[in-house]
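Engineer: Handing you a structure now.
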Amino acid sequence: GAGVSQSPSNKVTEKGKDVELRCDPISGHTALYWYRQSLGQGLEFLIYFQGNSAPDKSGLPSDRFSAERTGGSVSTLTIQRTQQEDSAVYLCASSLTEGFPTDTQYFGPGTRLTVL
Amino acid sequence: AQKVTQAQTEISVVEKEDVTLDCVYETRDTTYYLFWYKQPPSGELVFLIRRNSFDEQNEISGRYSWNFQKSTSSFNFTITASQVVDSAVYFCALGGSARQLTFGSGTQLTVLP
Chain A
42 GAGVSQSPSN KVTEKGKDVE LRCDPISGHT ALYWYRQSLG QGLEFLIYFQ GNSAPDKSGL
102 PSDRFSAERT GGSVSTLTIQ RTQQEDSAVY LCASSLTEGF PTDTQYFGPG TRLTVL
Chain B
956 AQKVTQAQTE ISVVEKEDVT LDCVYETRDT TYYLFWYKQP PSGELVFLIR RNSFDEQNEI
1016 SGRYSWNFQK STSSFNFTIT ASQVVDSAVY FCALGGSARQ LTFGSGTQLT VLP
C-alpha cells in the first residue's frame, strides 16, 4: 500500500512569510508524528497526534509553530513568520497506534524548507 | 530523559568488508523499544528493525545482524559483506514512555567499490 506522503517536497520562502507543510499518513494509522532534521540539531521531535488530538506538543520550538490534524488523517504543520533558523527538512511519520511502548513509525520523504 | 549515542560519525569500508555500527542508549523506562533506520541519499528514513527491551535474542536477516545487550545498554548493527548500495546514514532510535522517538546523531557509512 501507499506510504506516508508529504507535500511540497521542497519549499523556498522569504523570511517573515508563513508556510504550510502537509502530511498524509498511511491509511489506517491513528498516530502521526512531526520531526525536524537539521544539520546542527539532528532529528528532533516536534509534535504527535493520536487521532485529531495532540497529547504532546513539547517539541514545538516556539509559538510560531502550530499543527493540526483533521479527520484522523491529513496533518498540516504551519510555521508563521519564518526565520532562517527554521530551514530544515521536516519529516512526518505515522504508526498504526500510539501504543506503549512505541509502535513502529514509518516516515515520509520529508519537506525541505529553505528560508531566505 | 532518554539519550542515544552513536559515537561513530563516519565509517568508510571497501565493498565486501563487514562493518558494525555502534549504538548506546540511556533510559529510565523499564519497557522500551530500540530501532535502526537507514537514510539513503534520497533522504527518506527507512525502517530496518525493532527490538523490545525484553527480547535480547540477537537476529540475523540476510546480510544484517543485530546485537542487543541490556547489560551494556547497547544495540549494535552489523552489515556482512557490505555493498555500495549500503552507503547511507544509519540512525539508532529509542522509544519508550514518551511516544516520540529519540534518535542518535547518525553514522554515515560509505562503502567504496
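Residue numbers (our numbering), protein chains in the order written: chain A, 42 to 157; chain B, 956 to 1068.
Note that the Cβ used here is the ideal one computed from N, Cα and C, for glycine as well.
Given that A/P150 touches chain B, what residues does it touch there, using C-beta distances under 8 angstroms?
Structural biologist: Identification of chain B residues near A/P150 by a Cβ-Cβ cut-off of 8 angstroms yields S997, G998 and E999, ordered along the chain.
Engineer: According to DSSP, is A/T152 part of a helix, a strand, or is it coil?
Structural biologist: Reduced to three states, the DSSP call for A/T152 is strand.
Engineer: Taking the C-alpha atoms as reference points, what is the distance between A/I88 and B/A1053?
Structural biologist: 11 angstroms
Engineer: Whole angstroms is fine: what's the gap from B/D1010's alpha carbon to B/L1049's?
Structural biologist: 15 angstroms
Engineer: Of the residues B/T1062, B/K958 and B/W991, which one's Cα is nearest the Cα of B/C1047?
Structural biologist: B/W991
Engineer: Are the beta-carbon atoms of A/L137 and A/H70 separated by less than 8 angstroms?
Structural biologist: yes
Engineer: According to DSSP, which residues form a beta bridge with A/Q47?
Structural biologist: A/C64
Engineer: Tell me whether the region 145-156 of chain A and the region 999-1006 of chain B touch, counting them as touching only if at least three CB pairs, one residue from each stretch, are closer than 8 angstroms.
Structural biologist: yes
Engineer: From the DSSP output, which residues share a beta bridge with B/E972?
Structural biologist: Paired residue(s): none; B/E972 is not in a bridge.
Engineer: Would DSSP call B/K958 helix, strand or coil?
Structural biologist: Correct three-state label for B/K958: strand.
Engineer: Nearest chain A C-beta to B/Q1055 closer than 8 angstroms, yes or no?
Structural biologist: yes
Engineer: Distance check for A/D65 and A/W75, CA to CA, integer angstroms please.
Structural biologist: 12 angstroms
Engineer: Could you compute how far the alpha carbon of A/G81 sits from the alpha carbon of B/E970?
Structural biologist: If I take the Cα positions, the gap works out to 30 angstroms.
Engineer: If you check the beta carbons only, do B/L976 and B/N1031 fall under 8 angstroms apart?
Structural biologist: yes
Engineer: Indicate whether at least one CB of chain B lies closer than 8 angstroms to the CB of A/F86.
Structural biologist: yes
Engineer: Looking at the structure shown, is B/T910 part of a helix, part of a strand, or coil, going by DSSP?
Structural biologist: Residue 910 of chain B lies beyond the stretch modelled for chain B, which goes from 956 to 1068, so this question has no answer here.
Engineer: Looking at the secondary structure, which residues open and close the beta strand (DSSP E) in which A/D97 lies?
Structural biologist: S94 to D97
Engineer: Please report the residue range of the beta strand (DSSP E) in which A/R77 lies.
Structural biologist: Looking at the DSSP string, the run of the beta strand (DSSP E) that includes A/R77 is A72 to S79.
Engineer: At the level of alpha carbons, what is the spacing between A/N51 and B/S1026?
Structural biologist: 44 angstroms
Engineer: Please report the Cβ distance between B/V1066 and B/D1041, rounded to the nearest whole angstrom; I am assuming they are in contact, meaning their Cβ atoms lie under 8 angstroms.
Structural biologist: 5 angstroms
Engineer: Which of the three DSSP states is assigned to A/K125 in this structure?
Structural biologist: The question names Lys, but residue 125 of chain A in the sequence shown is Gln. Looking at A/Q125 - three-state DSSP - the assignment turns out to be helix.
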